[in-house]
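S.K.: Starting off with a structure, shown below.
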Amino acid sequence: SPVALPPFFMRGSIIQLADGELKRVEDLKTEDFIQSAEISSELKIDSSTVERIDSGQSPNAVVIQFSVGELKAQVCVEVLVEYPFFVFGQGWSSCCPDRTTQLFELSCAKLCVGDVCVSLTLRGMR
Amino acid sequence: VPVFPWHSLVPFLAPTQSD
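Here the protein sequences come in this chain order: P and D. Just so you know, the first sequence maps onto residues 1 to 126 in the working numbering. Just so you know, the second sequence maps onto residues 1001 to 1019 in the working numbering.
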């Protein structure tokens, strides 16, 4: 059965940065995420390194294991193969870039083990 | 035209102990 895709990854989607600036999703840069998180009182950017990519429960899904932050917390997420992550210094990347381009018209690189993705954590966690 | 917040594009993966 078809899974609803997040609408904001569609090429041309308008994204509001923390300072109010509007950009298209395909024009976002690493600095946009870093600067938005710096302004945010609640959110903090973490570096999440792809450790493993395995098949998921369904043919269109993958399980990605990340090593998150300085503590290298191991976190697994199951996503559709076309789900894009933002890789530091590289931009949008997914496990199946052809499918991401087909569905979202969003140019993507291939997400690989060792890639470092932008992720978020809460500030002030103790 | 809908406008989406920047943080909806980034996965929320894990809380950290620091900060």
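All C-beta atoms in this analysis are idealised placements derived from N, C-alpha and C, irrespective of residue type, glycine included.
In the region 13–26 of chain P, which residues sit with their C-beta less than 9 angstroms from some C-beta in chain D, listed in chain order?
M.R.: Hits within the stretch, in order: S13, I14, I15, Q16, L17, A18, L22, K23 and V25.
S.K.: Under DSSP, the alpha helix (DSSP H) around P1005/D begins and ends at which residues?
M.R.: Premise fails: P1005/D lies in the beta strand (DSSP E), V1003 to P1005, not in any alpha helix (DSSP H).
S.K.: Which residues, taken in chain order from the region 61–79 of chain P, show a beta carbon closer than 8 angstroms to some beta carbon of chain D?
M.R.: The region 61–79 of chain P vs chain D, Cβ under 8 angstroms: F66, V68, G69, E70, L71, A73, V75 and V77.
S.K.: By DSSP, does R99/P sit in helix, in strand, or in coil?
M.R.: R99/P: helix per DSSP, three-state reduction.
S.K.: Are the Cβ atoms of S94/P and V87/P separated by less than 8 angstroms?
M.R.: In this structure, V87/P does not lie closer than 8 angstroms to S94/P by Cβ.
S.K.: Helix, strand or coil for F8/P, going by three-state DSSP, please let me know.
M.R.: Residue state, collapsed to three classes: helix.
S.K.: Looking at chain D, which residues of the region 89–109 of chain P have a Cβ within less than 7 angstroms of any of its Cβ atoms?
M.R.: The residues in question: there are none.
S.K.: For chain D, is any of its Cβ atoms less than 8 angstroms away from the one on L111/P?
M.R.: By this cut-off, L111/P is not an interface position.
S.K.: Step through the CB atoms of chain D and report whether any lies within less than 8 angstroms of the CB of D43/P.
M.R.: Strictly speaking, residue 43/P in this sequence is Leu, with Asp absent from that position. So yes, L43/P belongs to the interface.
S.K.: Helix, strand or coil: how does DSSP classify R126/P here?
M.R.: Bear in mind that a pLDDT of 48 at R126/P, under 50, signals an unreliable position, so the number given afterwards is only what the model happens to contain. The answer is coil: DSSP assigns R126/P none of H, G, I, E or B.
S.K.: Cα separation between L130/P and T100/P?
M.R.: Residue 130/P falls outside the range modelled here, since chain P spans only 1 to 126, and no answer is possible.
S.K.: For the alpha helix (DSSP H) holding Q35/P, just list the boundary residues, first then last.
M.R.: Per DSSP, Q35/P belongs to the alpha helix (DSSP H) from T30 to I39.
S.K.: Is the shortest distance between the beta-carbon of T30/P and the beta-carbons of chain D less than 8 angstroms?
M.R.: Judged by the 8 angstroms Cβ criterion, T30/P is not in contact with chain D.
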